[in-house]
Amino acid sequence: ETGVTQTPRHLVMGMTNKKSLKCEQHLGHNAMYWYKQSAKKPLELMFVYNFKEQTENNSVPSRFSPECPNSSHLFLHLHTLQPEDSALYLCASSQELAGESTDTQYFGPGTRLTVL
Amino acid sequence: AQTVTQSQPEMSVQEAETVTLSCTYDTSESDYYLFWYKQPPSRQMILVIRQEAYKQQNATENRFSVNFQKAAKSFSLKISDSQLGDAAMYFCAYSSINNAGNMLTFGGGTRLMVKP
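Quick mapping for you: the protein sequence lines, in order, are chains A and B. All letters in the first sequence, in the order written, are residues 27 to 142 by the numbering used here. All letters in the second sequence, in the order written, are residues 25 to 140 by the numbering used here.
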């Protein structure tokens, strides 16, 4: 499945580093999402972008900063993370009609993040 | 707020046999979508099957079918003729139709093991 790609696949960073996760969708969708998957916890939605506008910020700490420059690309900028932020970060996309929901979300392979 | 519960942390099935994974959800809405996603060791989240709540007919996708009981708020997944490649984490998910944030609410997952 190459509809949604994520880079890097693995990332190890120190608490003082700044890094970015990248997601790209090749499906012509207009909505993109960031999820966090921690061990023994359900997937948590972090951010939603519809038509490049952020429509959801699920109480995510400011050390996570999303960016959606166009409908095909989504970034998650990371700075001064904590060890508890270590997790699998999944990107997804879907085709949404304005004011309605929802089409199926298609996921990327994820970035495994380890914060030392 | 909607919640999704998967009461079976782990299940095991013999190859070629049938297994059913349970999912219950809580909502006050009458229209919504339900999904089953599969996450193999590669960590790619793959859509297995989708059900619209307004449809009475249970969704079917090859060897995968659901038993959707709207009144009981139950959405179980049946896998027939299990194959080794079916081994994975399975997540049940809920999405509201009238949800501007297009949020998916996930259950905690069920790990399915397939024995040869």
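We put the beta carbon where it would ideally sit given N, CA and C, even for glycine. Predicted, not measured: the structure shown is a model, and the values here were computed from it.
Below 8 Å, too few C-beta pairs join the stretch 76–93 of chain B and the stretch 30–37 of chain B to call them touching: fewer than three. Short of 7 Å from the beta carbon of B/Ala40, and not among the five residues preceding or following it, lie these beta carbons of its own chain, in chain order: Asp105 and Ser106.
Contact of B/Arg135 with chain A by beta-carbon distance below 7 Å is absent, the smallest such distance being about 11 Å. In terms of beta-carbon proximity, B/Ser66 lines the interface with chain A, with at least one pair separated by less than 9 Å. Pairing A/Glu93 with A/His105 gives a Cβ-Cβ distance that is not under 9 Å.
When DSSP states are grouped into helix, strand and coil, A/Pro95 belongs to the strand group. Interface residue (Cβ-Cβ distance to chain A less than 9 Å): B/Leu128 is classified as such. Only residues of its own chain outside the window of five on either side were considered, and among them Ser100 and Lys102 have a CB closer than 6 Å to the CB of B/Thr44, listed in chain order. Scanning its chain for C-beta atoms nearer than 7 Å, with the 5 sequence neighbours on each side dropped, one finds around A/Gln51 the residues Gly29, Val30, Met58, Ser98 and Ser119, in chain order. Our two residues, B/Ile73 and A/Ser91, have alpha carbons roughly 32 Å apart in a direct line. Linking B/Met113 to B/Ala83 through their CA atoms gives a straight-line distance of about 20 Å. A Cβ-Cβ separation of about 16 Å leaves A/Tyr115 out of contact with A/Leu142 under the 8 Å criterion. Assignment of A/Glu122 by DSSP, reduced to helix, strand and coil, places it in the coil class. Less than 9 Å separates the beta-carbon of A/Thr33 from that of A/Thr137. As DSSP reads the structure, A/Ala57 sits in a beta bridge with A/Asn76 and A/Ser120.
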